[in-house]
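Below you'll find the structure, written out as structure tokens, and then a few comments.
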DNA sequence: CGGCGTCTGTGCGCCAACGCACAGATGTCC
DNA sequence: GGACATCTGTGCGTTGGCGCACAGACGCCG
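Residue numbers (my numbering), protein chains in the order written: chain A, 181 to 427; chain B, 181 to 427.
Okay, structure coming up:
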């Protein structure tokens, strides 16, 4: 029986060929990610990369006014800390834990070293970054043109896709701040979705009952992001879901 | 006297150390970029990278409804064709020439080769990509929270920063479609800016008269993007503005 | 089990931006 | 220089989302 926690729960780590995996494995440290934990603040130095397994991290920008908006989320499909290998070491955005869970932490220097070996790790990281870019540019367009309800559906779908169950632990207040809209707007949209039987919620817990229902109400952005992610990473998934290596 | 056109007009090419520059120089081809020319369509294969000198290219997403929104612009500070070295070879966005001018074209395979040498070219391209990511995530937040007038100011500033003169050739209709807003909204905002004496325009030509005036009306997003670009690329600018190498 | 903090729900007035329709101005091309 | 396409300007009514204020509900913790 495989251990409860396993680096292969993260798709990028799972995709590494044995040799590369063995090299980073000893340096991966499982860390709990508490809700609201700030992985980095705008301009702050970043010392570690995080490969989420069950946690989800939100990359977002906080304006001078205090208003904020998410540009992308990172779950078990990706890694937090792009700027470590892209070269800047920091960004003007923040990264905050949005769904509590776990992640594997890797020292910044080791990640950079592995990246510079120009092996599959580099390839994977670059591909993932490309997928992240798609997500951000899609978010930009979505923020411009789509309704709160459409965006809520997109957000819910992207979120449940990254957690093991069909329930997410999250208040409507928090969802509102992720999307950069008013809480009341979320209340209204969520109410409609509940009445339609697509979701059900109670104080901080939202359960998705009907995925395909949500998809009909979501904007195209959800599908675009998912499709691009699978296109970019599907052909490089080696060991995908083998649990064999974990101790 | 240096020739009229020169690869060093592009900041990335200008930043290459002599050895690397000499290697790509013979393969750079100067091409005119006509207004409205489509460099790539969503999903289409990309065969060349473009290093703009006087042209500006808009990266944007067109929705099913036909509405569109720009996620970033690329001028002489960057390169069009990120996905060539990031790994996807294509993206769901389009790239369209927004300000006519010139660019140096480089074959996709050669760019990839140069990238894989892991020299300064790779470093530069990754840094630039990081700056592009900042621009996109900022655009996402900006679309959510800022007024049309603020966004128009941001856009005008980013655009004039990339052209030699203080005038841009562009109809209000086109600006509206870049920002993803109604033309009437641009008419109104531009009218206010003109009455304030910050700009002056006539049928397809907009002249910036008072940069700092525009900056006071722009949102913080302009400053963030500019600052991040200079932070990421300033410490790698070798040959910056030496014209010596061009034939 | 009772109290309290937090989360959820609702009802306003308000405003930026939308969509549409049409009038006027400007430049270009024969 | 006259005709025409295109770009710019204006005036509606409509609406999605905002900001605020407050009422109710839930669930935890002592």
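A virtual CB, placed ideally from N, CA and C, is assigned to each residue, including glycine.
Under 9 Å by beta carbon: chain B residues contacting residue i
i                      : result
residue 402 of chain A : Correct list: empty, because the minimum Cβ distance to chain B is about 13 Å.
residue 369 of chain A : Under the 9 Å cutoff, chain B gives no residues; its nearest Cβ is about 16 Å from residue 369 of chain A.
residue 380 of chain A : None at all; the shortest Cβ gap to chain B is about 28 Å.
residue 392 of chain A : By Cβ distance, chain B contributes nothing, its closest Cβ being about 18 Å from residue 392 of chain A, past 9 Å.
Backbone secondary structure at residue i - three-state DSSP
i                      : result
residue 361 of chain B : coil
residue 219 of chain A : strand
residue 275 of chain A : strand
residue 404 of chain B : helix
residue 254 of chain A : strand
residue 259 of chain B : coil
residue 327 of chain B : coil
residue 415 of chain B : coil
residue 332 of chain B : helix
residue 393 of chain A : helix
residue 305 of chain A : helix
residue 207 of chain B : helix
residue 371 of chain A : helix
residue 300 of chain B : helix
residue 197 of chain A : coil
residue 398 of chain B : coil
residue 270 of chain A : coil
residue 185 of chain A : coil
Under 7 Å from the C-beta of residue i: neighbouring residues of chain A
i                      : result
residue 357 of chain B : What residue 357 of chain B touches in chain A: nothing, since even the nearest Cβ is about 12 Å away.
residue 241 of chain B : 317, 318 and 321
residue 498 of chain B : Outside the displayed range of chain B (181 to 427) lies residue 498 of chain B, so it cannot be described from this structure.
residue 263 of chain B : 310
Per DSSP, the bridge partner or partners of residue i
i                      : result
residue 287 of chain A : A/228
residue 212 of chain B : B/282
residue 347 of chain B : B/387
residue 249 of chain B : B/241
residue 379 of chain B : B/388
residue 236 of chain B : B/279
Contact list for residue i against chain B, beta-carbon separation under 8 Å
i                      : result
residue 227 of chain A : In chain order: nothing, as chain B lies at least about 18 Å away.
residue 307 of chain A : 266, 267 and 268
residue 360 of chain A : 321, 324 and 325
residue 412 of chain A : 267 and 268
residue 345 of chain A : Within chain B, no residue comes near residue 345 of chain A; the closest Cβ sits about 29 Å away, beyond 8 Å.
residue 188 of chain A : Here the premise fails: no neighbours, minimum Cβ distance about 22 Å.
Contact check, residue i vs residue j, beta carbons under 7 Å
i                      : j                      : result
residue 362 of chain B : residue 353 of chain B : no
residue 256 of chain A : residue 189 of chain A : yes
residue 329 of chain A : residue 369 of chain A : yes
residue 385 of chain B : residue 340 of chain B : no
residue 197 of chain A : residue 300 of chain A : yes
residue 191 of chain B : residue 247 of chain A : no
residue 218 of chain A : residue 254 of chain A : no
residue 316 of chain A : residue 266 of chain B : no
residue 394 of chain A : residue 337 of chain A : yes
residue 207 of chain B : residue 286 of chain B : yes
residue 398 of chain A : residue 334 of chain A : yes
residue 376 of chain A : residue 347 of chain A : no
residue 323 of chain B : residue 186 of chain A : no
Chain B residues whose Cβ lies nearer than 7 Å to that of residue i
i                      : result
residue 395 of chain A : Those within 7 Å of residue 395 of chain A in chain B number zero; the least Cβ separation is about 14 Å.
residue 366 of chain A : Near residue 366 of chain A there are no residues of chain B at all, since even the closest Cβ is about 14 Å away, more than 7 Å.
residue 247 of chain A : 325
residue 350 of chain A : Those do not exist, as residue 350 of chain A stays about 19 Å from chain B at its closest Cβ, beyond 7 Å.
residue 238 of chain A : None at all; the shortest Cβ gap to chain B is about 12 Å.
residue 303 of chain A : 267
Chain A contact residues for residue i, given Cβ-Cβ distances below 9 Å
i                      : result
residue 271 of chain B : 310, 313, 314, 317 and 408
residue 214 of chain B : Near residue 214 of chain B there are no residues of chain A at all, since even the closest Cβ is about 24 Å away, more than 9 Å.
residue 298 of chain B : 296 and 298
Interface residues of chain A facing residue i [CB-CB closer than 8 Å]
i                      : result
residue 191 of chain B : Within 8 Å Cβ-Cβ: nothing; residue 191 of chain B doesn't reach chain A, min ~15 Å.
residue 244 of chain B : 400
Discussion item. For the pair the stretch 270-282 of chain B and the stretch 301-317 of chain B, tell me if three or more CB-CB distances fall below 8 Å.
Written reply: no
Discussion item. Counting beta carbon pairs with one atom in the stretch 238-254 of chain A and one in the stretch 311-328 of chain A, are three or more of them shorter than 8 Å?
Written reply: yes
Worksheet item: Is it a yes or a no for the stretch 350-357 of chain A touching the stretch 263-275 of chain A, going by three-plus beta-carbon pairs under 8 Å?
Response: no
Discussion item. Under 8 Å, with one C-beta from each stretch per pair, do the stretch 199-209 of chain B and the stretch 250-268 of chain B reach the 3-pair mark?
Written reply: Judged by Cβ distances under 8 Å, the stretch 199-209 of chain B makes no contact with the stretch 250-268 of chain B, as fewer than three pairs qualify.
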